[in-house]
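Residue 500 in our numbering is what sits at position 128 of the sequence shown, and the numbering runs on without skipping anything. The beta-carbon is built from N, C-alpha and C at its ideal position, and this holds for glycine as well.
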Amino acid sequence: MENQSKTLGKYSFGVGDRFSHQAQAQLSAFQKAKEQGVQITPVWNKSYREHNIISSNPRETRRQADLAIEKLRWDTPYFVDADHVTFDSVDFFLDSSDFFTLDVADYIGKSTLDENIHSFVEKHKRYVGEMEIPGISEKFIVDIKRLEQIAQSYLKAVEEAGRTYRKIQASKGSDQFVVEVSMDETDKPQTPLEIFFILSGLAGENIPVDTLAPKFSGRFNKGVDYVGDLDLFRKEFEQDLAVIQYAIKEFSLPEGLKLSVHSGSDKFSLYPIIKEVIQSNNAGLHIKTAGTTWLEELIGLALAGGEGLEIAQKIYHNSVQRFDELCGPYASVIDIDKLNLPSAETVNSWDGEFFTRALRHDQSCQDYNQDLRQLLHVGYKVAAEMKDQYYPALDKYADTIAEQVSENIYDRHMKPLFL
Ligand SMILES: [Zn+2]
């Protein structure tokens, strides 16, 4: 099924479906929002890293998305996102995706040709002095040195985005896909001024960028709440929105260009801030989650009891044993206090209700354990290896799981963000 239009719309929401079993349950949350009068475009995102760890492929993501769309008669746009792709990994996704997240974080700070730096600085000389951005009260001081620094930090990344974009364009044709540029997987947040010049660079590469995923201050650990200064986040988020509006006009970027928040799932304390700021600015938003759905699969299995609970316990057992191996690739986006992890024996003694209370992201519940939650978040590799047991269990307990998956997306994410 083809999208009638490749327009992302004002609000869009990325859901990850690691084991390709929950597309319908996820879509039913979007349907509920639609019934409440809020149109949110569904995007199924899966990164190269996830495909690699699970040994899955984007064709399956596309197939499950199309099936869900057909079954639930979804008649507005939807997308399949090649999440965090590079020039080299993008080929894998070309046939199946119509949303591409160009991850150029590895090129930040890498050097490019001196003449490119020079012409970038020349091109932006008109901004030298005290720069005012509508909607931001503080003034930004721009001088030649600052422009050079920005070019040295970001120009190579911008050029790499251009190279990757042109590869996709050559394969799929212009206007046939959504483009996101992501710079979130890096240590240092980009300042509003940097974002402004990065957007100019992307316009210079002729990339019709739909969404930009910057790195925000604070920690976005996987599957758990935000750790950082909420007031600082609000200020940063507001300023980034203002910069985007200004850049759209200055560099003739697409009217619908919006921020993308790679949330790492479940940044509940940020949701009310994001909601308030986007509503008062009449701004759009793309938000990405992924692992939160896989954790709901585990909760559904645990709640189902019997073999379902045993599988959930076994996954925890193996995850504890393989702690270093599982956490390694995610070191910069998890913070697990090992001393707070229950032993596998303890978890084996839990019933489904207790397992659920420990894992479910309800900070008001005293049994909730964010260390266990983060470990299980990265434990999907274990489930993938148990596929002969895991996949049949997903089918056997499909109803209980679907209820958890759908409720989670709608009640804990969409409602506080959009409704
Ligand atoms: Zn990201």
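Buried or exposed: which applies to VAL514, given that a residue is buried once 16 or more other Cβ atoms fall within 10 Å of its Cβ? buried
Listed in chain order, which residues are found with a beta carbon closer than 7 angstroms to a heavy atom of ligand 1? HIS456, SER554, ASP556, GLU557, ALA585, HIS634, LYS660
Thinking C-alpha only, which one of GLU648, LYS418, GLU520 is nearest PHE605? GLU648
Minimum Cβ-Cβ distance from ALA674 to chain B less than 8 angstroms: Given the protein chain composition of this structure (a single chain), no chain B is represented.
What residues in its chain sit with their C-beta under 6 angstroms from that of ALA774, if we drop five residues either side in the sequence? ALA397
With a CB to CB cut of under 7 angstroms and the five nearest residues on each side skipped, what residues in its chain are close to THR484? LEU527, LYS528, GLU531
Where DSSP assigns a beta bridge to ARG591, which residues make up the other side? VAL599
List in chain order: all unbroken alpha helix (DSSP H) runs of 4+ residues lying wholly within the segment 641-726. 643-653, 663-676, 678-693, 695-699, 716-720
CB of LEU631 within 8 angstroms of CB of ILE620, strictly: no
With DSSP as the reference, label ILE505 as helix, strand or coil. coil
Check whether the segment 500-518 touches the segment 554-571, taking contact to mean three or more Cβ pairs, one atom from each stretch, closer than 8 angstroms. yes
Within 10 Å of its beta-carbon, does SER427 have 16 or more other beta-carbons around it, so buried, or fewer, so exposed? exposed
What is the residue span of the beta strand (DSSP E) that TYR393 lies within? Note that residue 393 is His in the sequence shown here, rather than Tyr. Where HIS393 is concerned, there is no enclosing beta strand (DSSP E), given that its DSSP letter is neither H nor E.
Pick from LYS768, THR458, TRP446, PRO714 that is closest to GLU679, judged by C-alpha positions: LYS768
Where do the ends of the alpha helix (DSSP H) carrying LYS753 lie? 752-757
Beta-carbon gap between ALA440 and ALA395 smaller than 8 angstroms: yes
For GLN376, count neighbouring Cβ atoms within 10 angstroms of its own Cβ and tell me buried if that reaches 16, exposed if not. Since pLDDT at GLN376 reaches only 42, below the 50 mark, its modelled position is unreliable, and the value read off the structure follows with that caveat. Label assigned to GLN376: exposed.
For a quick check, are the C-beta atoms of ILE706 and LYS560 less than 8 angstroms apart? no
Thinking just about the alpha-carbon of each residue, which of THR536, GLY576, LEU731, VAL777 is nearest to the one in GLN685? LEU731
Spatial neighbours of TRP666 within its chain, please: CB distance less than 6 angstroms, with the 5 preceding and 5 following residues excluded, ordered by chain position. ARG390, TYR752
If LEU613 sits next to ALA655, beta carbons under 8 angstroms apart, how far is it from one beta carbon to the other, in whole angstroms? 5 angstroms
Counted within 10 angstroms of its Cβ, other Cβ atoms place ALA703 as buried (16 or more) or exposed: exposed
Which residue marks the beginning of the alpha helix (DSSP H) containing GLU771, and which one marks its end? Per the sequence shown, residue 771 should be read as Asp rather than Glu. From DSSP, the alpha helix (DSSP H) with ASP771 extends over 770-779.
Contact check, SER419 vs ASP467 under 8 angstroms by CB: the rounded distance? About 17 angstroms; that fails the 8 angstroms criterion.
Ordered along the chain, which non-local residues of its own chain (more than five positions away) have a Cβ less than 6 angstroms from that of GLU374? With a pLDDT of only 42 at GLU374, under the threshold of 50, the placement of this residue in the model should not be trusted, and no figure is reported.
Answer yes if the segment 716-729 comes into contact with the segment 634-642, meaning at least three C-beta pairs across the two stretches below 8 angstroms, and no otherwise. no
Assuming THR792 contacts VAL452 under a Cβ cut-off of 8 angstroms, what Cβ separation, rounded to an integer in Å, is found between them? Past the boundaries of the shown model lies residue 792; the chain is included only from 373 to 791, so the question cannot be answered.
Compare the Cα-Cα distances from PRO764 to each of GLN651, HIS393, SER384, ILE508 and report the closest residue. HIS393
Quick check: the Cα distance between GLN548 and LEU629, rounded to an integer number of angstroms? 16 angstroms
DSSP bridge partner residues for ALA454 (one or two, in chain order): LYS418, PHE472
Cβ pair ASP475, SER554 closer than 8 angstroms: yes
Here's a check: name, in chain order, each residue in its chain whose Cβ is nearer than 7 angstroms to the Cβ of ALA401, leaving out the five neighbours to either side. SER778, ILE781, TYR782, MET786
One question on the structure: do HIS658 and SER384 come within less than 8 angstroms of each other, judged by their Cβ atoms? yes
Cα-Cα separation, ALA477 to ASP723: 43 angstroms
Using DSSP with H/G/I as helix, E/B as strand and the rest coil, what is THR413? strand
Have a look at ASN424 and VAL457 and give me their C-alpha separation to the nearest angstrom. 12 angstroms
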